[in-house]
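To convert, take the position in the sequence shown, counting from 1, and add 1055; that gives this note's numbering. Worksheet: one structure, shown below.
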Amino acid sequence: MSTRVVLTGSEVTPENPDRKQFICATALGIDLPALFVIPTSHAAPTGCFGSRWEFFCFQRVRMGGSSKVEMTPMTNTTANNNKIYRVGIIGRTGKGGYGHALDTAWSAVPQTRVVAVSDDNKSGLGAAARKLKLDRAFVDYRKMLDEAKPDIVAICPRWVDQHADMVLSAAERGIHVYMEKPFCRTLEEADKIVATCEKTHARVQIAHPTRFSPMIDTIRRLIADGAIGTLLEFRGRGKEDRRG
1056 MSTRVVLTGS EVTPENPDRK QFICATALGI DLPALFVIPT SHAAPTGCFG
1106 SRWEFFCFQR VRMGGSSKVE MTPMTNTTAN NNKIYRVGII GRTGKGGYGH
1156 ALDTAWSAVP QTRVVAVSDD NKSGLGAAAR KLKLDRAFVD YRKMLDEAKP
1206 DIVAICPRWV DQHADMVLSA AERGIHVYME KPFCRTLEEA DKIVATCEKT
1256 HARVQIAHPT RFSPMIDTIR RLIADGAIGT LLEFRGRGKE DRRG
């Protein structure tokens, strides 16, 4: 039997699950009824039924027993599990803002502490400092990197025009980067970032949550095993506006 796999966001009940919920349950290795009583803190990453915020602080998901999906840590936490990593926030009010909560999500990561924020918009900078309850706020993100000396910097703006400059400024100082997508504008920018990171051993993580979604890997496995029929159609939807 051939099956058209179209994942929808329609409301689901335990008595009438759709394929999305079935795949999520399979990915998590749980019985379908249990899917509806999972605490929020144990929800799956974006792409299943969790949020981007939940994805950010998500560490490990069991898949069908012994196998598991792991997020690779940006820093060597096994070397010093008691270390608190200092985080600096770069935002740009009116020019990509603070991304999808990349500034506030750190509150859910016990081994991190946000120590400073930067925004070249003074009004936006003040608002961000109040929201994050920070005393250290900088108009120039390079000054923040030099004076606050974070271990990790969150590059939050969605606009790509300064991504390469921001990443390079951090990487040149040996500061690890967690950044909003898209990565950068050109292959030349990407090559320069890679070369700099290799030299300073800085690590860059881009906020592509779907790449870590257990649902995607489970879909591939279920299709390959013939468990849900033959894939006839795949639908994808973008922003459907000027952003693409």
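Glycine included, every Cβ here is placed at the ideal spot set by N, Cα and C.
Worksheet entry | For D1174, the three-state DSSP class (helix, strand or coil) | Counting from 1 along the sequence shown, the entry for residue 1174 is found at position 119. Correct three-state label for D1174: strand.
Discussion item. Quick check on the DSSP output: what are the complete alpha helix (DSSP H) runs of length 4 or more inside the stretch 1215-1282, in order along the chain?
Written reply: Fully enclosed alpha helix (DSSP H) runs of 4 or longer: 1218-1227, 1242-1255, 1269-1279.
Discussion item. If you reduce the DSSP assignment to three classes, tell me which class P1128 lands in.
Written reply: One-based indexing of the sequence shown puts residue 1128 at position 73. With a pLDDT of only 46 at P1128, under the threshold of 50, the placement of this residue in the model should not be trusted, and no figure is reported.
Worksheet item: Hey, E1244 and A1219 are a contact pair by Cβ (cut 8 Å); roughly how many whole angstroms apart?
Response: Locating residue 1244 in the sequence shown gives position 189, counting from the first residue. Locating residue 1219 in the sequence shown gives position 164, counting from the first residue. Contact holds; Cβ gap of about 4 Å.
Discussion item. Please identify the residue among R1185, D1174, N1137 whose C-alpha is closest to the C-alpha of P1165.
Written reply: Counting from one through the sequence shown, the residue named residue 1165 turns up at place 110. Answer by Cα proximity: N1137.
Fill in: Expected contact under 8 Å - CB spacing of Y1196 and S1173 to nearest Å
Position 141 of the sequence shown holds residue 1196. Position 118 of the sequence shown holds residue 1173. Sure, about 4 Å apart at Cβ, within 8 Å.
Worksheet entry | Neighbourhood of K1186 by C-beta distance below 8 Å, restricted to the same chain and skipping five residues each side | Taking the sequence shown and counting its residues from 1, one reaches residue 1186 at position 131. Excluding its 5 nearest sequence neighbours in each direction, K1186 has C-beta neighbours in its own chain below 8 Å: D1158, T1159, listed in chain order.
Worksheet item: Expressed to the nearest angstrom, what Euclidean distance is found between the alpha-carbon atoms of V1170 and I1139?
Response: Here residue 1170 corresponds to residue number 115 of the sequence shown, with the count starting at 1. Here residue 1139 corresponds to residue number 84 of the sequence shown, with the count starting at 1. Roughly 11 Å separates the two Cα atoms.
Worksheet item: The alpha helix (DSSP H) with R1197 in it runs from where to where?
Response: Working through the sequence shown from its first residue, we reach residue 1197 at position 142. Per DSSP, the continuous alpha helix (DSSP H) segment holding R1197 begins and ends at 1196-1203.
Worksheet item: Mind checking whether M1221 and V1259 have CB atoms under 8 Å apart?
Response: Taking the sequence shown and counting its residues from 1, one reaches residue 1221 at position 166. Taking the sequence shown and counting its residues from 1, one reaches residue 1259 at position 204. Not a contact, by the Cβ cut-off of 8 Å.
Item to complete: Would you decide whether P1237 is buried or exposed? Buried here means 16 or more other CB atoms lie within 10 Å of its CB.
Response: As a working mapping, residue 1237 is identified with position 182 in the sequence shown. Flag for P1237 reads exposed.
Worksheet entry | Burial state of T1241 (16 or more Cβ within 10 Å) | Within the sequence shown, numbered from 1, the residue matching residue 1241 stands at position 186. By the neighbour-count criterion, in which 16 or more other beta carbons inside 10 Å mark a residue as buried, T1241 falls on the exposed side.
Worksheet item: Contact check, P1212 vs G1154 under 8 Å by CB: the rounded distance?
Response: Taking the first residue of the sequence shown as 1, we reach residue 1212 at position 157. Taking the first residue of the sequence shown as 1, we reach residue 1154 at position 99. The C-beta separation of P1212 from G1154 comes to about 7 Å, placing the pair in contact by the 8 Å criterion.
Worksheet item: In the DSSP assignment, what residue or residues form a beta bridge with A1209?
Response: The residue you call residue 1209 lines up with position 154 of the sequence shown. For A1209, which the question treats as bridged, DSSP gives the partners I1144, Y1233.
Worksheet item: Buried or exposed: where does V1194 fall if 16 or more other Cβ atoms within 10 Å of its Cβ makes it buried?
Response: Taking the sequence shown and counting its residues from 1, the one referred to as residue 1194 is at position 139. Under this definition V1194 is an exposed residue.
Item to complete: Would you identify the three-state DSSP class for A1192, choosing helix, strand or coil?
Response: For the purposes of this step, residue 1192 is identified with residue 137 of the sequence shown, where counting begins at 1. Note: A1192 maps to strand in three-state DSSP.
Practice prompt. Measure the beta-carbon distance from I1230 to C1239 and round it to whole angstroms, keeping in mind my assumption that it falls under 8 Å.
Written response: Numbered from its first residue, the sequence shown carries residue 1230 at position 175. Numbered from its first residue, the sequence shown carries residue 1239 at position 184. Their Cβ separation, rounded to whole angstroms, is 17 Å, which puts I1230 and C1239 out of contact at 8 Å.
Worksheet item: Between I1144 and C1252, what straight-line distance do the alpha-carbon atoms span, to the nearest angstrom?
Response: Mapped onto the sequence shown, residue 1144 falls at position 89. Mapped onto the sequence shown, residue 1252 falls at position 197. I1144 and C1252: Cα-Cα distance of roughly 19 Å.
Discussion item. Give me the residue from K1150, T1265, E1202 with the minimum Cα distance to V1215.
Written reply: Here residue 1215 refers to the residue found at position 160 when the sequence shown is read from its first residue. When each option's Cα is compared against that of V1215, the closest is K1150.
Worksheet entry | Where A1301 falls, given that 16 or more other Cβ within 10 Å makes a residue buried | Here the chain covers residues 1056 to 1299 and nothing more, so residue 1301 does not appear.
Worksheet item: Alpha carbon to alpha carbon, what distance is there between A1225 and L1200?
Response: Numbered from its first residue, the sequence shown carries residue 1200 at position 145. Numbered from its first residue, the sequence shown carries residue 1225 at position 170. Near 7 Å, if we compare the C-alpha coordinates of A1225 and L1200.
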